[in-house]
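To start, the structure itself, in structure tokens.
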Amino acid sequence: VAAGLDVRGVPTSEATAALARGLGIKLVSPDDVEAVDIAIDGADEVDPRGDLIKGYGGALVREKVVAALARRFIVLVGADKLVPVLGTRGRLPVEVIPFAAIACRRWLEARGYPAELRVAGGAPVVTDNGNRILDCRVGPIADPRALDATIRALPGVVGTGLFVGLAPTVLMWDGARCRMLRPESPN
Numbered sequence: 019v020a021a022g023l024d025v026r027g028v029p030t031s032e033a034t035a036a037l038a039r040g041l042g043i044k045l046v047s048p049d050d051v052e053a054v055d056i057a058i059d060g061a062d063e064v065d066p067r068g069d070l071i072k073g074y075g076g077a078l079v080r081e082k083v084v085a086a087l088a089r090r091f092i093v094l095v096g097a098d099k100l101v102p103v104l105g106t107r108g109r110l111p112v113e114v115i116p117f118a119a120i121a122c123r124r125w126l127e128a129r130g131y132p133a134e135l136r137v138a139g140g141a142p143v144v145t146d147n148g149n150r151i152l153d154c155r156v157g158p159i160a161d162p163r164a165l166d167a168t169i170r171a172l173p174g175v176v177g178t179g180l181f182v183g184l185a186p187t188v189l190m191w192d193g194a195r196c197r198m199l200r201p202e203s204p205n
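Read left to right, the sequence shown gives residues 19 to 205 (the numbering used here).
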């Protein structure tokens, strides 16, 4: 922008939108574009297939929309984010409507996925979409696509932090250099 480039951005959070506005970047809604040339984001876990868990920052649904719109999706991570199987390190964020937050937690737990309502400052975290986040212990995920579909089928679930089949270019910093990871083909 400072060099005179005509850049338009589709922000994935209100915080990112404020930062972009401060830098003079024009912002547009996902409804205003057919595609995004490039999306650059981080991830909380990356498996050898290039599938991801995202959402520890709380913008998982908006991030997934922009990633799906992107012609090229680049994920920047440190070596500590690489896992052999998704779900082995942390929790899976699930965005739910406020009306069904407790019901969704019960349904997830009945399926063997203990879930906690994400809280900060003594109050439930509210996403930029006005929703809540449940952090679920799912353990190693044998089939991320199937688990994503199962959870999204629950009434009140808006989306999960599983980013499956989006074929990102993953750039990983190992402390000495940056490497591009080549995703393995699914079996």
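C-beta atoms are modelled at their ideal positions from N, C-alpha and C, and glycine is treated no differently. Note that the structure is a prediction, hence the values are computed from the model and not measured.
At which residues does the alpha helix (DSSP H) containing Leu165 begin and terminate?
-> That run of the alpha helix (DSSP H) goes 162-170.
In the DSSP assignment, find the alpha helix (DSSP H) that holds Glu32 and state where it starts and stops.
-> For Glu32, the enclosing alpha helix (DSSP H) stretches over residues 32-40.
Skipping 5 residues on each side, what residues in its chain have a beta carbon closer than 6 Å to that of Ala77?
-> Thr30, Ser31
Whose C-beta lies closer than 8 Å to the C-beta of Ala121 among residues of the same chain, with five residues either side of it excluded?
-> So the qualifying residues of the chain are Pro173, Gly174.
Straight-line Cα distance separating Gly42 from Val114 | Val114 and Gly42: Cα-Cα distance of roughly 33 Å.
Should Asn205 go down as buried or exposed, given a rule of 16 or more other Cβ atoms within 10 Å for buried?
-> With a pLDDT of 48 at Asn205, under the threshold of 50, the modelled position of this residue cannot be trusted; read the value that follows with caution. With fewer than 16 other Cβ atoms inside 10 Å of its own Cβ, Asn205 counts as exposed.
May I ask which residues mark the beginning and end of the beta strand (DSSP E) holding Ala133?
-> 133-135
Residues bridged to Pro142 [DSSP beta-bridge criterion] = Pro142 pairs with Val137.
Of the residues Asp62, Leu135, Trp191, which one's Cα is nearest the Cα of Val103?
-> Asp62
Arg200, buried or exposed, once every other Cβ within 10 Å from all chains shown has been counted against 16 = Answer is exposed; the Cβ neighbour count stays below 16.
Give a yes or no on whether the C-beta atoms belonging to Ile56 and Arg109 are separated by under 8 Å.
-> Contact flag unset, no.
Excluding five sequence neighbours on each side, which residues of the same chain lie with their C-beta closer than 6 Å to the C-beta of Arg123?
-> Here the set comprises Ala133, Leu152.
Given a cut-off of 8 Å, decide if Gly105 and Gly157 are closer than it, judged by their beta-carbon atoms.
-> Yes; because the gap between Cβ atoms is below 8 Å, this pair is in contact.
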